[in-house]
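Quick note: the sequence shown, position 17, residue 17 per our numbering, numbers continuous. Scroll down for the structure; my scribbles are underneath it.
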Amino acid sequence: MILFGFNDLKGRFNFTWQGFTLRHYRELFVFRDLTVALKNSLLIAGVTTFVATALGTMIALALTRHRFRGRAPTNMFIFLPMATPEVVLGASLLSLFLTFGTARGLITILVAHVMFTISFVVVTVKARTHGFNKEWEEAAKDLGANPWVAFWKVTFPLIFPGVLAAASLAFALSIDDYVVTTFVSGPTTTFPLWVFGASRFGVPPQVNVMGTIIFVAGVLLALGTVALQRRRT
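The following block contains the structure:
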């Protein structure tokens, strides 16, 4: 992918090396519909990551720190999207939206992405909170901190690596999703949908360039996270 972003393409299909060029980086946004699709994907992935991480973290904390009636069924319900094939999940969500007469578009994609990514967030954060020593938070309360301050000053820094890992996973799952999005997208086009549709006629090198930029950004984010954790420890 990275290599063929520099390929001096002479035809429609970017399968053979034909020379080195930086032209595709200079002409990155020459295809307006591709640019719109990428913007849609980044917006959807960003909002999905924020909502799924916030809700998933709260659910994970509730499941690990509290005993309540219905805890076991809630755990099972959380795992359902992970165990359900994407085709079945997409078709089910489509039926739900059609039943309620909801117009398909950006909002339905967001709802669908939050629904299947939140499970991964809960599982990831739960793994971090498992075995968490509540006495540290209680000690903070004994020293005068209210529950809100104790959570943000003691609990959250300890579970932050898990939350960050969950957010990264949610973003990757959302921006890369094709199957579920196909069912609920309507007239809205995302980056994976555009690439799949263009593959029948020849994918332009700009797709490789955009994929490279997203990949490099992800690597830099991961390296920054590792460096931050090393500084904290």
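Even for Gly, the Cβ is constructed at its ideal location relative to N, Cα and C. Every value quoted in this text rests on a predicted model; they were computed, and no experiment measured them.
Who are the near neighbours of residue i in its chain, counting only those whose CB is closer than 8 Å to its CB and skipping five residues on each side?
{"i": "V125", "result": "G56, T57, A60, L61, I159, G162, V163 and A166"}
{"i": "I214", "result": "I175"}
If you draw a straight line from the C-alpha of residue i to the C-alpha of residue j, how long is it?
{"i": "N146", "j": "T49", "result": "29 Å"}
{"i": "I107", "j": "G19", "result": "42 Å"}
{"i": "L34", "j": "V219", "result": "23 Å"}
{"i": "I175", "j": "F151", "result": "31 Å"}
{"i": "H130", "j": "Q206", "result": "44 Å"}
{"i": "R67", "j": "T74", "result": "12 Å"}
{"i": "A227", "j": "L96", "result": "44 Å"}
{"i": "G90", "j": "T64", "result": "30 Å"}
{"i": "G46", "j": "R230", "result": "26 Å"}
{"i": "T99", "j": "V123", "result": "30 Å"}
{"i": "G197", "j": "P85", "result": "22 Å"}
{"i": "K153", "j": "V195", "result": "44 Å"}
{"i": "L22", "j": "F77", "result": "49 Å"}
{"i": "K141", "j": "F132", "result": "16 Å"}
{"i": "V149", "j": "R128", "result": "20 Å"}
{"i": "R69", "j": "K134", "result": "21 Å"}
{"i": "K39", "j": "P187", "result": "15 Å"}
{"i": "V51", "j": "A217", "result": "21 Å"}
Suppose the cutoff is 7 Å on Cβ atoms and the five residues either side in sequence are ignored; what does the same chain contact list for residue i look like?
{"i": "S185", "result": "R104, I109 and L193"}
{"i": "T155", "result": "E137"}
{"i": "D177", "result": "H113 and P192"}
{"i": "P157", "result": "none"}
{"i": "H24", "result": "G5, P205, Q206 and V209"}
{"i": "T53", "result": "V121, V163, A166, A167 and A170"}
{"i": "T102", "result": "T108"}
Just curious, the alpha helix (DSSP H) that residue i is in, first and last residue?
{"i": "P85", "result": "Element bounds for P85: n/a, residue is neither H nor E."}
{"i": "L42", "result": "R32 to R65"}
{"i": "I118", "result": "L106 to T129"}
{"i": "F171", "result": "F156 to D176"}
{"i": "L193", "result": "F191 to A198"}
{"i": "E137", "result": "K134 to D142"}
{"i": "F100", "result": "Per DSSP, F100 belongs to no alpha helix (DSSP H) and is neither H nor E."}
{"i": "W148", "result": "P147 to A150"}
{"i": "F29", "result": "Element bounds for F29: n/a, residue is neither H nor E."}
{"i": "V203", "result": "Segment: none, V203 is in no alpha helix (DSSP H) and carries neither H nor E."}
Just to confirm, are residue i and residue j a CB contact at a threshold of 8 Å?
{"i": "F116", "j": "P81", "result": "yes"}
{"i": "A112", "j": "V180", "result": "yes"}
{"i": "A37", "j": "T190", "result": "yes"}
{"i": "L94", "j": "F183", "result": "yes"}
{"i": "S119", "j": "F171", "result": "no"}
Return the chain-ordered list of same chain residues with a C-beta closer than 6 Å to the C-beta of residue i, the five sequence neighbours on each side being excluded.
{"i": "L173", "result": "T117"}
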